[in-house]
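Protein chains in written order, with our numbering: chain A, 92 to 452; chain B, 92 to 452; chain C, 92 to 452; chain D, 92 to 452. For every residue, glycine included, the Cβ atom is placed at its ideal position computed from N, Cα and C. Given the structure is predicted, the values throughout are model-derived calculations rather than measurements.
Number of protein chains: 4
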Amino acid sequence: MVIVMKLGATEQQIEHVVDRLRQVGLREHISEGEERTLIGAIGDERVLQTVPLEALSGVERVIPVLAPYKLASREFQSEDTVIGISGGVNGVEIGGKRVVVMAGPCAVESAEQIITIAGLVKQAGAVILRGGAYKPRTGPYSFQGLGDDGLVLLAAARKQTGLPVITEVMTLEDIDLVGGYTDVFQIGARNMQNFMLLKGVGQTKKPVMLKRGMSATIEEFLLAAEYILSQGNTRVMLCERGIRTFETYTRNTLDINAVPALKALTHLPVIVDPSHGTGRRELVPAVSRAAIAAGADGLLMEVHHDPENSLTGDGAQSLLPDQFSQLMEQLERIAQAVGRSLLPQKEVASAFTGGWSGTLT
Amino acid sequence: MVIVMKLGATEQQIEHVVDRLRQVGLREHISEGEERTLIGAIGDERVLQTVPLEALSGVERVIPVLAPYKLASREFQSEDTVIGISGGVNGVEIGGKRVVVMAGPCAVESAEQIITIAGLVKQAGAVILRGGAYKPRTGPYSFQGLGDDGLVLLAAARKQTGLPVITEVMTLEDIDLVGGYTDVFQIGARNMQNFMLLKGVGQTKKPVMLKRGMSATIEEFLLAAEYILSQGNTRVMLCERGIRTFETYTRNTLDINAVPALKALTHLPVIVDPSHGTGRRELVPAVSRAAIAAGADGLLMEVHHDPENSLTGDGAQSLLPDQFSQLMEQLERIAQAVGRSLLPQKEVASAFTGGWSGTLT
Amino acid sequence: MVIVMKLGATEQQIEHVVDRLRQVGLREHISEGEERTLIGAIGDERVLQTVPLEALSGVERVIPVLAPYKLASREFQSEDTVIGISGGVNGVEIGGKRVVVMAGPCAVESAEQIITIAGLVKQAGAVILRGGAYKPRTGPYSFQGLGDDGLVLLAAARKQTGLPVITEVMTLEDIDLVGGYTDVFQIGARNMQNFMLLKGVGQTKKPVMLKRGMSATIEEFLLAAEYILSQGNTRVMLCERGIRTFETYTRNTLDINAVPALKALTHLPVIVDPSHGTGRRELVPAVSRAAIAAGADGLLMEVHHDPENSLTGDGAQSLLPDQFSQLMEQLERIAQAVGRSLLPQKEVASAFTGGWSGTLT
Amino acid sequence: MVIVMKLGATEQQIEHVVDRLRQVGLREHISEGEERTLIGAIGDERVLQTVPLEALSGVERVIPVLAPYKLASREFQSEDTVIGISGGVNGVEIGGKRVVVMAGPCAVESAEQIITIAGLVKQAGAVILRGGAYKPRTGPYSFQGLGDDGLVLLAAARKQTGLPVITEVMTLEDIDLVGGYTDVFQIGARNMQNFMLLKGVGQTKKPVMLKRGMSATIEEFLLAAEYILSQGNTRVMLCERGIRTFETYTRNTLDINAVPALKALTHLPVIVDPSHGTGRRELVPAVSRAAIAAGADGLLMEVHHDPENSLTGDGAQSLLPDQFSQLMEQLERIAQAVGRSLLPQKEVASAFTGGWSGTLT
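Listed below in structure tokens is the structure:
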């Protein structure tokens with residue numbers, strides 16, 4: 092932490108800042124410039140998160156030096172976290188050499204629908220089934236999901252296909268219920284800063300996929316993950332799903348920079364959602380290829396065999412099963428080009444960037 | 092709703108769209124342009140929110156004509172909603188001719204703190220006391236509020252000063268508890284699309300102040316209000332608190348345009364939060380004046396008598412009591428200039444824009 | 092400037108950074124933290140703008156402490172700059188106690204149009220006439236302005252009404268030509284970083300109104316002003332005209348925070364353009380009032396007596412003459428409430444914020 | 092164009108709109124809904140760009156149906172534009188099956204520097220040399236490029252290596268001068284809407300690379316291209332270089348969605364600049380791979396053999412020559428995976444997406 096004092100700050104003001112630093116166990120380092128005095132805080136500056144240094148008189152600006160998250164950082168843990176998913180018939184690992192594809196409908200709509208789609212995506216190479224039981228919708232008059240019934244249908248689809256499932260939990264109260272059915276909790280973008288919910292899933296032992304908030308910075312995204320980690324649940328993966336910008340041609344702007352940035356800053360697996368990240372079916376293949384080329388550990392994709400009759404209105408971003416199958420072949424080629432593999436039956440290629448160092452959690 | 096067909100869309104595709112419209116009880120109106128065919132949907136297009144028209148083959152784009160919210164709209168109710176607050180010793184109305192100032196600390200920190208500040212802001216003319224018991228914080232290592240104890244202290248401050256109180260409720264589970272103490276529920280910006288929570292407060296009878304999400308459009312803001320209204324609670328007020336943009340000098344960019352835009356689109360009262368909207372104490376006075384000049388029905392402001400020792404780190408945006416008192420005098424002058432009044436002891440000036448038409452709810 | 096070294100940076104890397112600082116005449120101040128070493132650069136850090144410190148090995152981050160602009164800063168000149176406009180029959184000063192209104196059509200369209208509007212806005216209290224001769228348009232098929240003929244018509248309107256004029260110069264080549272007609276150069280938002288053009292008007296002696304770029308930060312805005320100032324022209328005023336955000340209901344988001352922020356950071360006058368800042372005629376009155384309440388020194392507004400037949404398509408944001416007259420009365424009341432005045436015939440009220448300290452340039 | 096009338100619009104208002112449409116040669120199609128009347132304009136709606144329909148009384152909103160650009164659209168020309176570059180010893184084509192890499196320093200700094208780097212990037216497989224002679228810099232105190240001398244040095248580097256060159260032209264006045272040296276004009280992001288400059292290069296016969304403005308929508312980007320095309324120069328390529336968002340970890344947010352979106356909307360070649368798009372050297376490899384996987388026709392990259400001594404301060408985003416060589420090998424693998432090739436000596440793979448249909452211009 093560097094505290095920049097105002098032009099003309101008095102000795103007394105400087106001393107006062109120093110006193111506050113010492114009170115919380117830090118040491119100071121004063122640097123008198125020609126125009127400004129700077130005070131460096133030495134020690135673990137995270138203790139300063141509750142000290143309103145910017146409110147002290149004579150202080151112009153406070154500049155953090157360290158990242159405000161710890162457990163999520165690469166500095167804390169240098170090897171990649173690899174998350175084993177226990178549900179389903181075959182082991183699936185997220186964050187390892189194999190790129191993982193999670194696919195399925197936006198929402199569970201009926202037994203026939205979810206079982207049909209589950210079969211189709213499994214056949215094409217997906218290893219986890221997605222599908223919403225509870226759907227956060229912008230307006231109250233839209234279809235809100237089947238709720239509890241949706242959970243039961245997801246479990247039925249898992250039984251039928253052997254695919255583990257991921258579904259969203261929207262409120263603290265539902266954690267036990269949803270946890271009774273799902274293999275991975277999804278925290279939606281709108282709930283990325285629902286801190287009660289983050290703490291709640293942090294107290295479970297199930298893997299959690301945390302989606303980036305629509306206008307969350309990378310730092311805020313990692314702090315949200317830190318909420319979960321700080322409760323003891325280390326099986327967290329991050330999902331880039333597009334951010335909100337001025338561009339209106341696409342539903343969101345997929346932040347491809349975030350993929351390598353997150354891989355550098357954190358040891359947690361990084362998933363990309365090209366369906367929400369673009370909002371347009373015709374852009375999903377290109378952006379999916381890009382995500383894997385950029386180093387994503389997995390993809391979350393919407394697939395629907397009958398988007399015209401989808402209840403969620405998100406049909407315009409769902410791939411048809413044929414499109415999905417063709418795309419999976421393309422994605423395998425990209426995965427191979429970066430030294431990984433994607434389709435369950437394929438060999439994992441030899442390392443590309445020289446060194447994959449995951450540790451199973 | 093206007094459906095724009097792709098260049099070269101077939102007769103069959105057009106008929107298929109028409110069939111879908113008729114299925115949900117709408118009529119169509121077909122307009123064949125030189126390059127594109129347009130299909131207008133006649134009837135209440137809100138029924139189309141569950142029909143994925145954009146997924147139909149041959150459809151290029153779907154353009155809504157009507158706003159997707161109804162109860163919140165001026166068309167539904169032309170007179171201003173005026174919300175009477177029952178707590179406290181004197182009646183307070185929000186949305187009427189008098190501009191309402193809600194002030195207090197970011198968080199309740201101690202009995203001494205909240206009672207001191209409550210007294211000071213009351214003396215300066217505030218009519219509602221704000222203070223957080225539960226605090227949503229970006230990182231898990233920051234002070235998270237006193238929780239239940241904070242609620243008790245707020246109630247004590249109300250008893251002492253006669254000011255009704257407003258405080259945030261963060262999760263569905265806490266609605267009853269918080270409702271037992273507060274006079275107005277605050278829904279924070281991060282929870283603007285926590286739909287479970289919106290429905291929850293919609294089922295109570297207490298007034299709700301809904302803060303705009305950091306990257307919520309005006310339409311999404313009104314749809315979030317619609318969630319509350321649709322559950323039967325009509326006592327909703329909207330709070331513009333700054334949006335996230337590329338600008339980093341200020342914490343947020345206060346969207347002053349949103350004030351007259353909301354007053355035109357909805358009958359609900361509009362509050363402005365200049366403390367979060369700027370994040371800088373020295374900008375709060377100018378932006379507060381601007382808010383009232385633009386037509387805001389109230390202000391939500393942070394005031395702290397000892398920001399240096401505030402636990403939330405938000406001290407840099409809190410006004411000192413003296414600054415607050417001086418500002419209140421300035422604000423009264425602006426309120427008078429737009430035909431309103433602000434300080435409890437002042438006369439309400441004669442109407443300015445020719446016509447104030449609130450109805451008490 | 093504070094240089095944050097990477098975790099584990101070597102002695103050699105630190106020495107290398109120190110060498111580079113000394114080479115450009117700065118001194119260093121080293122602070123060894125528990126996790127990171129920080130190096131403070133002592134002296135005028137602006138010399139570092141050509142040294143790529145972030146590219147030095149072992150450097151994690153470089154944090155500027157001083158603003159990168161100088162001539163534009165309040166620290167360089169504490170009193171307000173007041174710009175006297177010499178054209179027109181009566182003296183007009185910008186940046187003084189009187190709030191200045193510049194009004195007129197988006198584009199000059201004909202002699203009849205510009206002379207009619209000039210008369211109407213003068214009568215209502217505007218003191219400068221605006222009107223575009225060259226119009227930057229998003230697409231090549233839109234009306235691009237009358238060009239040179241527009242300049243001639245503007246001069247005719249000035250002669251008729253005695254109002255000085257402001258018009259946009261779009262390219263370096265046209266500076267002499269436009270300067271032969273206009274009293275104030277306008278640099279449009281799209282040209283805020285057309286550095287050749289900035290330098291060009293910086294070499295003239297005419298006042299310049301610089302509009303903020305659509306996505307320019309406040310710092311970039313001031314750096315663009317610095318380009319003009321650094322060429323010797325000190326008569327620069329800044330115009331906030333809305334920034335681009337995710338919100339689509341309004342054409343731009345007027346950044347009201349920028350008004351007090353600029354007044355604090357710079358001595359240059361601050362103008363607000365509510366017409367472009369909102370893009371909607373019905374929002375212009377409220378936002379104009381807000382701008383003056385927030386401390387703006389002037390307004391730039393579009394007024395058209397026949398917007399239906401305007402050639403620019405911007406008619407939807409132009410006020411009708413009657414609306415403009417009524418608004419001017421409201422604005423006078425707000426100006427009085429903040430201790431200023433606006434209408435030419437009115438007394439300037441006694442100081443409000445205690446101290447107006449302009450110096451005529 | 093669909094004109095949405097206000098609730099309660101009168102017959103007379105509707106007739107008036109119809110009259111205006113007929114005046115410019117369009118026909119109307121009226122659709123009376125239950126709440127609103129819609130009027131469709133039939134014919135080439137581009138004629139309406141100068142009619143301020145939104146200013147007509149009774150009009151609520153005007154919704155364009157057609158894209159406002161024409162020459163740039165895929166509908167106007169379905170086959171890809173392929174641009175042959177005549178400078179240099181070997182033919183280079185942009186927009187064909189081979190992915191093109193343009194590399195070099197941010198700015199030309201000296202003969203030794205540009206010739207050294209030119210040799211290194213050529214050896215690694217780049218086919219065009221980039222380097223700025225005139226540099227647009229945010230502040231006036233930064234290095235502004237060598238100017239005319241830089242052009243001479245670029246030409247010398249071309250002679251030495253046989254690589255054609257690309258460099259930025261910043262103002263109308265310099266077009267002839269710069270055109271005397273460069274093989275491709277670059278229009279920088281800050282000048283994307285410098286319409287005079289666009290028209291100027293549109294009147295030459297040299298290829299132009301147009302960079303996307305920092306906050307330009309895809310539609311505005313294509314309209315800027317349309318300015319050039321409309322002057323007769325059809326050899327235009329588009330460069331996505333990152334947009335400005337709220338994220339501050341990266342310098343810009345590279346909009347990967349824009350790559351397939353542009354490929355769908357226009358026939359012009361699409362280049363990606365990962366150096367500016369990320370602003371961080373360590374993110375450039377991942378994002379470069381992503382760009383090619385997404386379908387980009389080329390990359391523009393900064394390479395410097397001695398970034399520590401670079402004069403532009405952009406050293407932090409320049410690759411070192413070794414990093415660049417290694418990256419080129421990775422990129423070749425990605426190019427092959429999408430059925431293309433990148434290194435000059437490699438075979439172009441067989442088509443991937445089934446059909447490449449360029450036409451040489």
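Which of the three DSSP states, helix, strand or coil, is assigned to G445 of chain B?
Unreliable positioning characterises G445 of chain B in this predicted model, as indicated by a pLDDT of 40, which lies under 50. A coordinate reading is not provided.
Identify whether R111 of chain D lies in helix, strand or coil by the three-state DSSP scheme.
Helix at R111 of chain D.
Let me check understanding here. Comparing Cα to Cα, which of C:T295, C:A384, C:G241 and C:T258 lies closest to D456 of chain C?
With chain C represented from 92 up to 452, any question about residue 456 of chain C goes unanswered, as that position is not in the structure.
Less than 8 Å between the CB atoms is what I'm expecting for R371 of chain A and R332 of chain A, so what's the real figure, rounded?
Actually they do not touch by this definition, with Cβ atoms about 14 Å apart.
Count the other C-beta atoms from every protein chain shown that fall within 10 angstroms of the C-beta of S409 of chain B, then say buried if there are 16 or more, exposed otherwise.
Buried: at least 16 other Cβ atoms inside 10 Å.
Pairs of beta-carbons, one from the region 152-161 of chain A and one from the region 335-354 of chain A, closer than 8 Å: are there three or more?
No: the two stretches stay apart, fewer than three of their Cβ pairs being nearer than 8 Å.
Classify L129 of chain B as helix, strand or coil using the three-state DSSP reduction.
Looking at L129 of chain B - three-state DSSP - the assignment turns out to be strand.
By the criterion of Cβ-Cβ separation under 9 Å, what are the contact partners of N285 of chain B in chain A?
In chain order: P227, M261, T262, R281, N282, N285 and L288.
Give a yes or no on whether the minimum CB-CB distance between T339 of chain A and chain C is below 8 Å.
Closer than 8 Å: yes.
Where does H367 of chain C sit, in a helix, a strand or coil, going by DSSP?
It is helical.
Buried or exposed for R113 of chain A, going by 16 or more other Cβ atoms inside 10 Å?
Classification of R113 of chain A: exposed, given that the 10 Å Cβ count is below 16.
Go ahead and pull the three-state DSSP assignment for T252 of chain C.
Helix, per DSSP.
If I measure Cβ to Cβ from K226 of chain B and keep anything under 6 Å in the same chain, skipping five residues before and after, which residues do I get?
Correct list, in chain order: A198, Q235 and G236.
Can V109 of chain C and I130 of chain C be called in contact, C-beta distance under 8 Å?
Closer than 8 Å, so yes.
For E399 of chain C, go through chain D and note every residue whose CB falls closer than 7 Å to its CB, in chain order.
The answer, in chain order, is P143, A146 and L147.
Counting C-beta neighbours from all protein chains within 10 Å, is the total for K188 of chain C 16 or more, i.e. buried, or is it exposed?
With 16 or more Cβ atoms within 10 Å of its Cβ, K188 of chain C is classed as buried.
Residue ranges of each alpha helix (DSSP H) run of no fewer than 4 residues wholly in the region 346-411 of chain A, ordered along the chain?
You should have 349-356, 365-369 and 375-384.
What does DSSP give as the partner residue(s) for T344 of chain A in the beta ladder?
A:I334, per the DSSP bridge assignment.
Output the boundary residues of the beta strand (DSSP E) element that contains Q204 of chain B.
Counting along the chain, Q204 of chain B falls outside any beta strand (DSSP E), though it belongs to the alpha helix (DSSP H) covering A202 to A215.
According to DSSP, is T141 of chain A part of a helix, a strand, or is it coil?
Helix at T141 of chain A.
With a threshold of 8 Å between beta-carbons, can G210 of chain D be considered close to chain A, or not?
By this cut-off, G210 of chain D is not an interface position.
My understanding is that V394 of chain D touches P376 of chain D, with C-beta atoms under 8 Å, so please give their C-beta distance in whole angstroms.
Going by Cβ atoms, the distance from V394 of chain D to P376 of chain D rounds to 12 Å, so no, they are not a contact pair.
Going by Cα to Cα distance, which pick from C:S379, C:A428, C:I319 and C:I105 is closest to E420 of chain B?
With distances taken between Cα atoms, E420 of chain B lies closest to C:A428.
Distance cutoff 8 Å, beta carbons only. Does I309 of chain C sit that close to anything in chain A?
Taking Cβ atoms only, chain A never reaches closer than 8 Å to I309 of chain C, which makes this a no.
Going along the chain, which residues of the region 309-330 of chain C sit with their C-beta nearer than 7 Å to a C-beta in chain D?
Those would be E311, L314, E317, Y318 and S321, in chain order.
Relative to the C-alpha of Q417 of chain C, which residue among C:Q277, C:L211, C:E184 and C:T101 is closest?
It is C:L211 whose Cα lies nearest to the Cα of Q417 of chain C.
Just mark S366 of chain B as buried or exposed, buried being the case when its beta carbon has 16 or more other beta carbons within 10 Å.
When all chains shown are included, S366 of chain B counts as buried.
Looking at the structure shown, is F167 of chain B part of a helix, part of a strand, or coil, going by DSSP?
In this structure, F167 of chain B counts as coil in the three-state DSSP scheme.
Roughly how many whole angstroms lie between the Cα atoms of V458 of chain C and T262 of chain B?
Because chain C spans 92 through 452 in this model, residue 458 of chain C falls outside it and cannot be assessed.
Quick one: what does DSSP say R221 of chain A is sitting in, helix, strand or coil?
R221 of chain A: strand per DSSP, three-state reduction.
Taking 8 Å as the threshold, find out whether the region 243-250 of chain C comes into contact with the region 264-283 of chain D through three or more Cβ pairs.
No, the region 243-250 of chain C does not touch the region 264-283 of chain D.
Excluding five sequence neighbours on each side, which residues of the same chain lie with their C-beta closer than 6 Å to the C-beta of D274 of chain B?
So the list reads I176, G178, P255 and V256, once near-sequence residues are dropped.
According to the neighbour-count rule (16 or more other Cβ atoms, all chains shown, within 10 Å of its Cβ), is S379 of chain D buried or exposed?
It is buried - the Cβ of S379 of chain D has at least 16 other Cβ atoms within 10 Å.
Would you decide whether Q204 of chain B is buried or exposed? Buried here means 16 or more other CB atoms lie within 10 Å of its CB.
By the 10 Å Cβ count, Q204 of chain B comes out buried.
Does the Cβ-Cβ distance between A217 of chain B and V192 of chain B come in under 8 Å?
Cβ atoms of A217 of chain B and V192 of chain B: closer than 8 Å.
By the 10 Å Cβ neighbour count, where 16 or more other Cβ atoms means buried, how is G186 of chain B classified, buried or exposed?
By the 10 Å Cβ count, G186 of chain B comes out buried.
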